[in-house]
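*Asks:* Residue numbers for the sequence shown follow the working numbering, beginning at -1 and rising by one. One structure coming up, written as structure tokens, with questions to follow.
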Amino acid sequence: MKTADVHVGESYLVRVPQRLPYDRYPPGDTERSVRMHWLRFISSGEEFELTVTEPPQADGEHLVAGLIVKPHSGVRVQLTDDQAEGLSLPPGVGYVVRGSLEDLAGTRVELMSATPMTVPVRWLRPVDAARSGGEPETADQRPTVA
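Okay, here's the thing in structure tokens:
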């Protein structure tokens, strides 16, 4: 996909290559940079939808920022000191409850989460592109300039 074809507010299918050259995506010195670096490697070979929030820059690596929006039922609740005391837990420790959110019938309730992600424009495809149906992209490719 070309940088001129990418628009803020639209969703695209991201196809992360199977192999990513480490030297092209080194972690930076900020916490966000390191987190994004490892998310890319953990996601290698995957496909997901990304809604673009920032347009790609015409110069440089042709990166686009966006959000991955997907459903989940996982919850994490931090207990207050009063709640911990009500459960006869020692005070001042701090407690967290993790699990799945379900209704009284036992059906999982889906919540939406948005995870920020920055990816190269060359990984984007139109959403209607067949998922995993075509030739898999095994290696990272250089950008296509508009």
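Backbone N, C-alpha and C fix where the C-beta goes; we use that ideal spot for every residue, glycine too.
Alpha carbon to alpha carbon, what distance is there between Gln81 and Gly64?
*Replies:* So the alpha carbons of these two residues sit roughly 38 Å apart.
*Asks:* Is any beta-carbon of chain B found at less than 8 Å from that of Val107?
*Replies:* The question asks about chain B, but that chain is absent: this structure has only one protein chain.
*Asks:* Applying the 10 Å Cβ sphere with the 16-neighbour rule, what's the burial state of Pro88?
*Replies:* Answer is exposed; the Cβ neighbour count stays below 16.
*Asks:* How many angstroms separate the CA atom of Arg96 from the CA atom of Ser71?
*Replies:* Approximately 11 Å between the Cα atoms of the pair.
*Asks:* For a test of the three-state rule: what should DSSP assign to Gln16, helix, strand or coil?
*Replies:* Here Gln16 sits in coil by DSSP.
*Asks:* Helix, strand or coil for Glu47 per DSSP?
*Replies:* Correct three-state label for Glu47: strand.
*Asks:* In this structure, how does DSSP classify Gln76 when only helix, strand and coil are distinguished?
*Replies:* Of the three classes helix, strand and coil, the one that applies to Gln76 here is strand, per DSSP.
*Asks:* Flag this pair as yes or no: are the beta carbons of Met115 and Ile66 separated by less than 8 Å?
*Replies:* Contact flag set, yes.
*Asks:* Can the beta-carbon of Leu11 be found less than 8 Å from the beta-carbon of Val107?
*Replies:* For Leu11 and Val107, no; Cβs fall outside 8 Å.
*Asks:* Looking at the structure shown, is Glu83 part of a helix, part of a strand, or coil, going by DSSP?
*Replies:* Of the three classes helix, strand and coil, the one that applies to Glu83 here is helix, per DSSP.
*Asks:* Apart from the five residues on each side of it in sequence, which residues of its chain come closer than 8 Å, Cβ to Cβ, to Ser42?
*Replies:* Val14, Pro15, Gln16, Arg17 and Leu18.
*Asks:* What's the gap between the Cα of Phe46 and the Cα of Trp121?
*Replies:* Straight-line Cα distance between these residues: approximately 11 Å.
*Asks:* Under a Cβ-count criterion, where at least 16 other Cβ atoms within 10 Å of its own Cβ denotes burial, should Thr78 be classed as buried or exposed?
*Replies:* So Thr78 counts as exposed.
*Asks:* Pull up the distance between the alpha-carbon of Pro69 and that of Ala2, whole angstroms please.
*Replies:* Straight-line Cα distance between these residues: approximately 30 Å.
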